[in-house]
Amino acid sequence: MKLKIIVIALMFAGMCNSCGNKSNPEPSTGNGDNSQTASTRPGKNFDFTYNMGVNLNEQAAQADLDDLADTKTKWVRSFVEMIDVYKTNSIDTNPNLNTFITFKAKGYKTVLNLKFNFVANVFPAVGSTDWNNYIAFIDQVLAKAMPYTDVLVVGNEPFIEADPSTWNEPLNSFYKAACARVYSYFTLHGIDKPIFLGSFDMMFASARTGNTGILNLLNFVKNTNYLSGADVHIHHNTDTEMINALNFMSNGIGDDQKLLVTEFSAKNYFKSYNTSNIDPAFIAAANASTTDQIFPPPPGITQNYQYIDYALKNPRPAEEWYAFWKNSAYLENEKGYLCTANTDFKSHSKVALAFYALRQSYGVNVDFTATTDPWVMNGMFLNRSVQQINGRNQKSYSFLDQFVRIAQGQNPCQ
């Protein structure tokens, strides 16, 4: 009788253990062998044919949907401020997340990054209440967002959003735990969509490519079977930097893994000319204009950053902004930027998706200074520096036209 009771108890324990494993699947942390990933990782049937989409950052709610439609894009990317949403208990009311989940119904494919800002919010101790709560909160966001998300990225810019002293630990442990939580959620709910980790930024700089914490996290990507690859942000000065970043990242991930480029721009190139004098050709064009729509800068505005500041505070006629680009050698030289970037991406077979900025984001009456990052020079629509016409934002000098050709599978370089 006693033996029978023991046997029944063991059988019951086995049943409970089996149930527990089903409810909380053990996430793979990678073993260096990616030989079976094609059949085991989420998103194994995903079409990784290269596309370029639109990047909205955290401003999905501010995006002009007519502008977005005019890009002809099929793909939209945004990110959610995880810690902010958690602390304010605003998952149901967050306007950017609520807008993001409407894009699927409008016909777009979507990428969502989970951003953890550990500059604004100090890293919690490993295993602390805050640590565990941040990780557990991932489930709530996935429950809301994943029905409307095609590709998920764990992280946004981990190495910008954390103090360098934390880059190896606890940063590595946190993002590994976050990835494991996502994978467990996907497994439990039968979600067959790609998971990426990132974003790795400035991977053309030796301070990044030689950093132990960064290399450890990249090695985690390479050796983690359930990850489809890595996300990379490339805001650069030269085309060589773009190529070097793509080469480094391509070599750093597994042979069957892919790259996302959820942000890229020539921001650093534009910034290098902030304090250069306004090109005399622009002044001459303004003085020679007979249309009364190209005006010379007011007295005292002599450098590029001063003119940009002036335009942000006093939006210019579109014709004047185009004349500034056409007659400023540093800008005219980069008018084919999307042509060049698209060529770089297509030359790397591992690049699956790239995303370019839709709009200008800049505060009203905020000074644009000699050291300001000129993100406003990247956007495809000029919602801040140029006057609207008939209630519509005007397109950029050249970038929108090139993007539309890319989105439609045409040659943007013609």
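For the sequence shown, the residue numbers in mature numbering (1 follows the signal peptide of the UniProt record, and there is no 0) are -18 to -1, 1 to 396. The beta carbon of each residue, even a glycine, is placed where N, CA and C say it ideally should be.
What distance in whole Å lies between the Cβ atoms of residue j and residue i, which are believed to be in contact at a cut-off of 8 Å?
| i | j | result |
| --- | --- | --- |
| L340 | T53 | 7 Å |
| M185 | V164 | In fact, because the Cβ distance is near 23 Å, the residues do not count as touching under 8 Å. |
| residue 408 | P297 | Residue 408 is absent from the model: the chain starts at -18 and stops at 396. |
| Q342 | G361 | 4 Å |
| A352 | T272 | In fact, because the Cβ distance is near 34 Å, the residues do not count as touching under 8 Å. |
| I196 | A212 | Incorrect: roughly 11 Å between the Cβ atoms, too far for contact. |
Helix, strand or coil for residue i per DSSP?
| i | result |
| --- | --- |
| T148 | helix |
| L340 | coil |
| F381 | helix |
| F61 | strand |
| N393 | coil |
| residue 397 | Outside the displayed span of the chain (-18 to 396) sits residue 397, for which this structure offers no information. |
| V386 | helix |
| T194 | helix |
| G35 | strand |
| D52 | helix |
| F363 | strand |
| K216 | The sequence given here places Ile at residue 216; Lys does not occur at that position. Strand. |
| S232 | helix |
| Q44 | helix |
Is the beta carbon of residue j closer than 8 Å to that of residue i?
| i | j | result |
| --- | --- | --- |
| N219 | N250 | yes |
| E245 | F337 | yes |
| S232 | K328 | no |
| F61 | K86 | no |
| N309 | A263 | yes |
| Y344 | L313 | no |
| M34 | I388 | yes |
| Y289 | P279 | yes |
| L199 | N154 | yes |
| I260 | P24 | no |
| L364 | W303 | yes |
| A267 | A305 | yes |
| I283 | E301 | no |
| D183 | F252 | no |
| D274 | D349 | no |
| L320 | Q384 | yes |
| query | For the region 95 to 114 against the region 60 to 75, are there 3 or more C-beta pairs whose distance is under 8 Å? | reply | yes
| field | Secondary structure, beta strand (DSSP E): runs of 3+ residues fully inside the region 112 to 188 | value | 133 to 136, 177 to 183
| Are the region 107 to 123 and the region 41 to 53 touching by the rule of at least three beta carbon pairs closer than 8 Å? | no
| message | Using a Cβ distance threshold of 8 Å, determine whether the region 176 to 185 contacts the region 129 to 145, with at least three qualifying pairs required. | response | Yes: the two stretches touch, three or more of their Cβ pairs being nearer than 8 Å.
| query | Would you call the region 80 to 92 and the region 110 to 117 touching, i.e. three or more CB-CB distances under 8 Å? | reply | no
| message | Just to confirm the assignment: which complete beta strand (DSSP E) runs, minimum length 3, are found wholly within the region 252 to 290? | response | none
| Unbroken alpha helix (DSSP H) runs of length 4 or more, entirely within the region 306 to 332: which are they? | 311 to 314, 319 to 328
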